[in-house]
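Read the structure below first, then the notes.
Numbering (our numbering), first residue to last: 128 to 366.
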């Protein structure tokens, strides 16, 4: 898994993709910070995180679109699958590499928070660290889910653009479960849809509420998509 992780991480920065992703993430977060915090004289970064959520919906699929699709396009997938690494190790290595690039982008939010905290403290105020850490944790967990979904979708096609568009659609679908449940009359189905809603659970983090149940939910959902990806590869090998 370590070898796959290093190989994938290096590939992000030997091509423009990794740099472009981090630049886009930093650019939009800086713009939103200026619009909703600096120009408004506010230190609460909740709106910045909320706006960045929608950037994540589209930016992460671009980051993950090549993970499996490019291997199939270049016919290197069979070489990779015959290496002395388990299928889940291959998938996990690709996930961790993509997550590392994503984490580099998210770290800029911490830099913004430290700068705002210093400014607020010097002005005699107090920075809301609890709300910040809730948003920061929620973004990392949600990013993990989106990355695992992107890898799963990328596994079904050789076309990177199809993988990206499919991942964006899947991400939106995951976020719409709570909205769809409002139009469902059956109480059992309604509860099932609500239990699968990632956006509602993410919303609890944005107000500084840390719930072990929600953390386990996001981690489990990420693991499920990675497991499904490995199973899909295994099934393709056997056919």
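In this text, a Cβ means the ideal position worked out from N, Cα and C, and glycines have one as well.
Between residue 138 and residue 346, the alpha-carbon positions lie close to 26 angstroms from each other. A Cβ-Cβ separation of about 20 angstroms leaves residue 190 out of contact with residue 360 under the 8 angstroms criterion. The beta carbon of residue 335 sits closer than 7 angstroms to those of 257, 258, 261, all from its chain and outside the five residues before and after it, given in chain order. In the three-state reduction of the DSSP assignment, residue 330 falls in the helix class, which pools H, G and I. Excluding five sequence positions before and after residue 324, the CB atoms of its chain that fall closer than 6 angstroms to its own CB belong to 304, 305, given in chain order. Taking C-beta atoms under 8 angstroms as the contact rule, residue 341 and residue 328 qualify, at a distance of about 5 angstroms. Boundaries for residue 168: no alpha helix (DSSP H) harbours it, and the DSSP string shows neither H nor E there. If only uninterrupted beta strand (DSSP E) runs of at least 3 residues are considered, none is enclosed by the region 171 to 205. When 193, 164, 141 are compared, the shortest CA-CA separation from residue 284 is found for 193.
The C-alpha of residue 195 is placed about 10 angstroms away from the C-alpha of residue 201. Counting along the chain, residue 288 sits inside the alpha helix (DSSP H) bounded by residues 287 to 302.
In this structure, residue 279 lies near residue 355, with their beta-carbon atoms less than 8 angstroms apart.
By the neighbour-count definition (other C-beta atoms within 10 Å, threshold 16), residue 349 is a buried residue. Taking 8 angstroms as the cut-off, the Cβ atoms of residue 135 and residue 221 count as close. With contacts defined by Cβ atoms closer than 8 angstroms, residue 174 and residue 163 form a contacting pair. Counting the other CB atoms within 10 Å of its CB gives residue 316 a total below 16, which places it among the exposed residues.
Proximity to residue 226 across 362, 353, 357, 363 peaks at 353, based on C-alpha coordinates. Residue 255 sits buried, since 16 or more C-beta atoms from the chains shown fall within 10 Å of its C-beta. Annotated three-state conformation of residue 162 is helix, per DSSP. The DSSP-derived three-state label of residue 213 is coil. With a cutoff of 8 angstroms on beta-carbon distance, residue 184 and residue 299 are scored as near each other. In this structure residue 152 touches residue 232 by the C-beta definition: roughly 3 angstroms separates them, less than 8 angstroms.
Taking residue 287 as the centre and dropping the five residues before and after it, the same chain places the C-beta of 192, 193, 196, 197 closer than 7 angstroms to its C-beta, in chain order. Cα atoms of residue 150 and residue 343: separation of roughly 31 angstroms, rounded to the nearest angstrom.
Going by beta carbons, residue 229 and residue 292 fall outside the 8 angstroms limit. Around the beta carbon of residue 143, fewer than 16 other beta carbons sit within 10 angstroms, so the residue counts as exposed.
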